[in-house]
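Student: FYI, the numbering for the sequence shown is 0 to 330, going by numbering that gives the first Met the number 0. We put the beta carbon where it would ideally sit given N, CA and C, even for glycine.
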Amino acid sequence: MRIKPEQLPDHLKRKAQRIAWIMGEEPWQRQHCADQFRAHWREKGFTERLYFVVEKGFDWVALEEHLNAPSLFGEDKIIELALRVTPDDKGKKLLISAAENLPPDVCLLLTSEKNDYRLLNQKWAKAIDTHGWVIQVWPIEHARLPAWISSQMHARGLQPTADAARVLAEHVEGNLLAAIQEIEKMTLLAREPTIDEVFVTECVAQSSHYSVFDLTDAILDRDPAHSISVMRTLRNEGVAPAQVVWALAQEAHRFMELARGRQRDGSVDTVVRNWKLPPQKKKKYLRLAPRPANLVAALELLHEADRAIKGAVETPVWPTLEQTALLLAKK
Numbered sequence: 000m001r002i003k004p005e006q007l008p009d010h011l012k013r014k015a016q017r018i019a020w021i022m023g024e025e026p027w028q029r030q031h032c033a034d035q036f037r038a039h040w041r042e043k044g045f046t047e048r049l050y051f052v053v054e055k056g057f058d059w060v061a062l063e064e065h066l067n068a069p070s071l072f073g074e075d076k077i078i079e080l081a082l083r084v085t086p087d088d089k090g091k092k093l094l095i096s097a098a099e100n101l102p103p104d105v106c107l108l109l110t111s112e113k114n115d116y117r118l119l120n121q122k123w124a125k126a127i128d129t130h131g132w133v134i135q136v137w138p139i140e141h142a143r144l145p146a147w148i149s150s151q152m153h154a155r156g157l158q159p160t161a162d163a164a165r166v167l168a169e170h171v172e173g174n175l176l177a178a179i180q181e182i183e184k185m186t187l188l189a190r191e192p193t194i195d196e197v198f199v200t201e202c203v204a205q206s207s208h209y210s211v212f213d214l215t216d217a218i219l220d221r222d223p224a225h226s227i228s229v230m231r232t233l234r235n236e237g238v239a240p241a242q243v244v245w246a247l248a249q250e251a252h253r254f255m256e257l258a259r260g261r262q263r264d265g266s267v268d269t270v271v272r273n274w275k276l277p278p279q280k281k282k283k284y285l286r287l288a289p290r291p292a293n294l295v296a297a298l299e300l301l302h303e304a305d306r307a308i309k310g311a312v313e314t315p316v317w318p319t320l321e322q323t324a325l326l327l328a329k330k
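Spelled out as structure tokens, the structure:
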């Protein structure tokens with residue numbers, strides 16, 4: 000069954016499924032849905048968690064053993080699969096079997112970072128859709144972001160004015176993780192529920208000496224030394240590395256669009272014109288000529304950092320992010 004992210008809490012209360020696939024590029028919503036799914040089944044006794052990253056050469060036989068083996072401690076378990084590639088034939092057969100006959104002591108949670116309709120038309124994906132949930136998350140459009148921020152603030156007992164929500168939306172530029180962090184800080188600092196734009200501006204100003212947007216500005220200015228300085232300040236001030244990954248990934252993908260435009264016809268005017276950015280920032284992008292090899296390497300590093308944040312590998316996160324910033328800031 001296809002359900003929307005905002006429908007998940009109600010479906011969990013009414014008739015929760017033990018298999019779900021959460022897909023989409025927006026990381027906060029994807030993580031939030033996964034957290035809700037885990038929390039529900041944890042309360043039902045599914046306290047053991049097994050996490051696997053599905054990449055080329057993944058061992059599906061080992062996964063089948065985990066699906067069918069009883070827990071060492073007699074606990075029901077949640078098995079999570081982070082899909083980085085499309086399952087091979089063995090994997091597809093196993094997922095069909097799991098969807099149709101999932102052991103009663105297992106929940107199966109799949110996540111993937113793209114909405115791919117071609118996958119959804121495959122037999123194994125249809126089996127999950129038939130016997131469980133497929134939850135697609137999408138980036139929130141800039142015009143809808145103030146309303147989303149207002150709903151998140153109301154859920155935490157705050158009553159924002161329209162201008163307050165607008166100011167915060169402009170500050171976070173689509174980064175929902177940053178928005179949630181600001182809202183949670185306001186929840187702690189607010190002396191009364193009504194939140195106006197003055198209070199939001201003051202809270203944002205207190206956030207940190209630098210933000211992830213200062214980091215991307217330094218990269219846009221082609222200033223590697225300042226990029227690393229900002230990065231280390233963010234680290235020292237406790238900024239979540241996932242927020243830095245989001246900012247660098249967004250920048251890397253923009254640079255990739257520029258590189259493709261220059262390779263295609265030598266022009267990037269049309270590419271940049273379609274981006275919802277301030278005019279001064281667009282001018283900076285128009286002057287760039289990023290190297291595709293650097294961008295491929297940067298995206299690989301970001302993928303590795305993301306896996307490390309999720310506990311799949313032991314790669315040091317912050318040094319990896321510094322390497323990424325240096326690659327993106329190179330002239």
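From which residue to which residue does the alpha helix (DSSP H) around GLN16 run?
Tutor: Run containing GLN16: none; DSSP gives neither H nor E here.
Student: Is GLU256 closer than 8 Å to GLU112 when the C-beta atoms are compared?
Tutor: no
Student: On the criterion of 16 or more Cβ atoms from any shown chain inside 10 Å, does SER149 qualify as buried, or is it exposed?
Tutor: Buried is the call here.
Student: With burial defined as no fewer than 16 other Cβ atoms inside 10 Å of the residue's Cβ, what is the status of LEU144: buried or exposed?
Tutor: buried
Student: Helix, strand or coil for PHE254, going by three-state DSSP, please let me know.
Tutor: helix
Student: Out of LEU187, THR200 and VAL243, state which residue places its alpha-carbon closest to the alpha-carbon of ASP213.
Tutor: VAL243
Student: Hey, is the stretch 285-292 in contact with the stretch 181-195, meaning 3+ C-beta pairs nearer than 8 Å?
Tutor: no
Student: Scan the stretch 229-289 and note each continuous alpha helix (DSSP H) run of 4 residues or more that stays entirely inside, going in chain order.
Tutor: With a minimum length of 4 residues, the continuous alpha helix (DSSP H) runs that stay inside the stretch 229-289 are 240-264, 268-272 and 278-285.
Student: What distance in whole Å lies between the Cβ atoms of LEU108 and PHE36, which are believed to be in contact at a cut-off of 8 Å?
Tutor: 6 Å
Student: Leaving out the 5 sequence neighbours to the left and right, which residues in its chain are closer than 7 Å to ALA288 when beta-carbon positions are compared?
Tutor: ARG261
Student: Quick one: what's got a C-beta closer than 7 Å to ARG29's C-beta in the same chain, skipping five residues either side?
Tutor: ILE21, GLY23, THR110 and VAL136
Student: What residue from ALA19, TYR50, ASP58 and LEU219 has the CA that sits closest to HIS39's CA?
Tutor: ALA19
Student: State buried or exposed for VAL171, treating a residue as buried only when at least 16 other CB atoms are found within 10 Å of its CB.
Tutor: Under a 10 Å Cβ-count criterion, VAL171 is classified as buried, with 16 or more other Cβ atoms of the shown protein chains found around its own Cβ.
Student: With H, G and I counted as helix, E and B as strand and the rest as coil, what does DSSP make of TRP390?
Tutor: Coverage of the chain is limited to positions 0 through 330, which leaves residue 390 absent and any answer about it impossible.
Student: Have a look at PRO277, TYR116 and ARG234 and flag the residue whose alpha-carbon is nearest the alpha-carbon of TRP317.
Tutor: ARG234
Student: Three-state secondary structure (DSSP) at TRP132?
Tutor: strand
Student: For ILE77, which beta-bridge partners are listed by DSSP?
Tutor: ARG48 and CYS106
Student: Would you kindly check if the distance between the Cβ of LEU66 and the Cβ of ILE78 is under 8 Å?
Tutor: yes
Student: Among residues of its own chain, excluding the 5 on either side of ALA154, which ones have a beta-carbon nearer than 6 Å to its beta-carbon?
Tutor: none
Student: Tell me whether SER210 sits in a helix, a strand or coil according to DSSP, three-state version.
Tutor: coil
Student: Could you give the DSSP three-state label for GLN121: helix, strand or coil?
Tutor: coil
Student: Note down the Cα distance separating ILE134 from ARG1, rounded to an integer number of angstroms.
Tutor: 6 Å
Student: List the residues that DSSP assigns as beta-bridge partners of ARG1.
Tutor: VAL133.
Student: Have a look at GLY151 and GLU183 and give me their C-alpha separation to the nearest angstrom.
Tutor: Correcting the residue type first, residue 151 is Gln in the shown sequence and not Gly. Cα to Cα, the separation comes out at about 10 Å.
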